[in-house]
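Remarks on the structure that follows.
There are 2 protein chains.
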Amino acid sequence: MEMERYKSNRDFIGFVSGLCALEKDAAALLSQQLETVSFKKGEAILEQGSICRYVYYINSGLVKTGFENKERTFIMRFFAEGATFTVLDSYLSQNPSAYKIEALENTVLTRISRTEMDKLCFRFHPMETFFRKLVSMASVNMMSRIGEMLEEKAAARYENFLRENPGLIQRISLGDLAGYLGITQVSLSRIRSGI
Amino acid sequence: MEMERYKSNRDFIGFVSGLCALEKDAAALLSQQLETVSFKKGEAILEQGSICRYVYYINSGLVKTGFENKERTFIMRFFAEGATFTVLDSYLSQNPSAYKIEALENTVLTRISRTEMDKLCFRFHPMETFFRKLVSMASVNMMSRIGEMLEEKAAARYENFLRENPGLIQRISLGDLAGYLGITQVSLSRIRSGI
DNA sequence: TCGAAAATTTATCAAATGATAAAAACTATA
DNA sequence: TATAGTTTTTATCATTTGATAAATTTTCGA
Numbered sequence: 001m002e003m004e005r006y007k008s009n010r011d012f013i014g015f016v017s018g019l020c021a022l023e024k025d026a027a028a029l030l031s032q033q034l035e036t037v038s039f040k041k042g043e044a045i046l047e048q049g050s051i052c053r054y055v056y057y058i059n060s061g062l063v064k065t066g067f068e069n070k071e072r073t074f075i076m077r078f079f080a081e082g083a084t085f086t087v088l089d090s091y092l093s094q095n096p097s098a099y100k101i102e103a104l105e106n107t108v109l110t111r112i113s114r115t116e117m118d119k120l121c122f123r124f125h126p127m128e129t130f131f132r133k134l135v136s137m138a139s140v141n142m143m144s145r146i147g148e149m150l151e152e153k154a155a156a157r158y159e160n161f162l163r164e165n166p167g168l169i170q171r172i173s174l175g176d177l178a179g180y181l182g183i184t185q186v187s188l189s190r191i192r193s194g195i
Numbered sequence: 001m002e003m004e005r006y007k008s009n010r011d012f013i014g015f016v017s018g019l020c021a022l023e024k025d026a027a028a029l030l031s032q033q034l035e036t037v038s039f040k041k042g043e044a045i046l047e048q049g050s051i052c053r054y055v056y057y058i059n060s061g062l063v064k065t066g067f068e069n070k071e072r073t074f075i076m077r078f079f080a081e082g083a084t085f086t087v088l089d090s091y092l093s094q095n096p097s098a099y100k101i102e103a104l105e106n107t108v109l110t111r112i113s114r115t116e117m118d119k120l121c122f123r124f125h126p127m128e129t130f131f132r133k134l135v136s137m138a139s140v141n142m143m144s145r146i147g148e149m150l151e152e153k154a155a156a157r158y159e160n161f162l163r164e165n166p167g168l169i170q171r172i173s174l175g176d177l178a179g180y181l182g183i184t185q186v187s188l189s190r191i192r193s194g195i
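Residue numbers (the numbering used here), protein chains in the order written: chain R, 1 to 195; chain D, 1 to 195.
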């Protein structure tokens, strides 16, 4: 991980402003607390078992969140440029995370620590509104994911993923996509071959 | 559905107060906006295709949220006494809900409309904090559900459900539990028989 | 550019789950 | 309490996915 000081904080501020009516002084304070960090392809942004202390915004690149057991690895979600993410349970509880975050490409992130985020949310109502909306969007996304996992077989979920993420498929390996679908890469290869 | 005026609003207010520092006047205004409604076992609290206009608190009883396609029905989640719930995507978007809510037992609910909730969240920062925490808890819950669905076969998910919801199993039918696990009731019966 | 490592495909057999039907057990109510 | 309706179980066969191994293709660094 490499830490920079260049200020592309604007994108993240813009993202926040798009979700709430952020006052000038709140935006200024928020900007002060942001830091920009870079990760090389394959680097871990958060290790499984470490505490997630930040909310991240992706300036460029691609990351996956997921976990591994003895045999396999599973993907919770992919995040690309313009997305904001964290590992919510670890971030909120400040307990070790069951999930890992890894850069799938060289990735530039803007982040804010939980400590500073809490201060801002306490002081500025719109920041809390932003966080509420952020978590709400994640919830709605997970609801449909759960519904789809209940209802559809892996082949249908694969087709849905292709349809809904046309831009991502060239950037994600077969193995990672299989991990997202909850099947083995051999099974996904078979599904793709259309047998 | 039967509408009552008896004020067991206290339980819901207590639930809210447990998650945020609710001021006296906010609590008073909140209490004014609550209404208590009763549903008989089997009644629909929200039809699939209707708009979810409320956040609900369960004073007594048990409900399921879920959806059906042509062949089968699936359960998103069960909620019992002391729980607070809504159909988040429909509640937020005010679009028709893909999910139904149904009473599994005679159930008494305290509810607040989205309109009034928005007013309170706008006016009182702690109410927004409450809502943020409510959605956060739902998110954390769904994260582990997704992780479990990726990682575990139905038999293991069934064992986990028994372990984590010892009080619910006597109150839920085999069919509904199968719908929650995403398998047929015949499959669940087979799993239970230990073949 | 070559060659080793990694990713993907193909093949085979086993295990998990679905679909269907029928029997058995349970529930509610006339 | 008798009976009709519902829920659960049991059984059989089909489909989906997993495990393993080996072949093929791709990627990437020396």
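In this text, a Cβ means the ideal position worked out from N, Cα and C, and glycines have one as well. Every value quoted in this text rests on a predicted model; they were computed, and no experiment measured them.
Comparing C-alpha positions only, which one of R:M127, R:K64, R:S139, R:Y99 sits nearest to T107 (chain R)?
R:K64
Can you tell me whether DSSP reads K153 (chain R) as helix, strand or coil?
coil
Would a check of beta-carbon distances place I75 (chain R) closer than 9 Å to chain D?
yes
Could you list which residues in chain D have their beta carbon closer than 9 Å to that of L22 (chain R), in chain order?
Per Cβ cutoff of 9 Å: no residues; L22 (chain R) is ~14 Å from chain D at best.
From the beta carbon of N9 (chain D), is the nearest beta carbon of chain R less than 9 Å away?
no
Do A98 (chain D) and L62 (chain D) have their beta-carbon atoms positioned less than 9 Å apart in this structure?
no
Spell out the partners DSSP gives G66 (chain R) in its beta bridges.
According to the DSSP secondary-structure assignment, G66 (chain R) is paired through a beta bridge with R:I75, R:K100.
From the DSSP output, in three-state form, read off I45 (chain R) for me.
Looking at I45 (chain R) - three-state DSSP - the assignment turns out to be strand.
Rounding to the nearest angstrom, what Cα-Cα distance links I172 (chain R) and A178 (chain R) in this structure?
10 Å
For the segment 144 to 176 of chain D, enumerate the residues whose C-beta is nearer than 7 Å to any C-beta of chain R, in chain order.
R145, I146, G147, M149, L150, E151
Taking all protein chains shown into account, do 16 or more other C-beta atoms lie within 10 angstroms of the C-beta of S189 (chain D), making it buried, or fewer, making it exposed?
exposed
In or out: G66 (chain D) buried (at least 16 other Cβ within 10 Å) or exposed?
G66 (chain D) comes out buried.
Would Y57 (chain D) pass as a contact of A83 (chain D) if the rule is Cβ separation under 9 Å?
yes
Can you grab the Cα-Cα spacing for the pair M127 (chain D) / R111 (chain D), in whole Å?
In a straight line, the C-alpha of M127 (chain D) is about 15 Å away from that of R111 (chain D).
Run down chain R in chain order and give the residues with a C-beta less than 9 Å from the C-beta of V140 (chain D).
L88, D89, L92, S93
Counting only C-beta atoms, is E4 (chain D) closer than 9 Å to chain R at any point?
Here E4 (chain D) scores only 49 on pLDDT, less than 50, and its place in the model is too uncertain to base an answer on.
Note the first and the last residue of the continuous alpha helix (DSSP H) segment covering V186 (chain D).
Following the DSSP letters along the chain, one finds V186 (chain D) inside the alpha helix (DSSP H) bounded by residues 185 to 193.
Cβ of Y99 (chain R) less than 9 Å from any chain D Cβ?
yes
Could you tell me whether the segment 33 to 49 of chain R touches the segment 133 to 145 of chain R, using the rule of 3 or more Cβ pairs below 8 Å?
no
Can you tell me whether V186 (chain R) is buried or exposed, with buried defined as 16 or more other CB within 10 angstroms of its CB?
exposed
Flag this pair as yes or no: are the beta carbons of G182 (chain D) and L30 (chain R) separated by less than 9 Å?
no
Anything in chain D within Cβ reach of S113 (chain R), meaning under 9 Å, just list it in chain order.
Within chain D, no residue comes near S113 (chain R); the closest Cβ sits about 18 Å away, beyond 9 Å.
Could you please give me the residues that DSSP links to I58 (chain D) through a beta bridge?
D:L109
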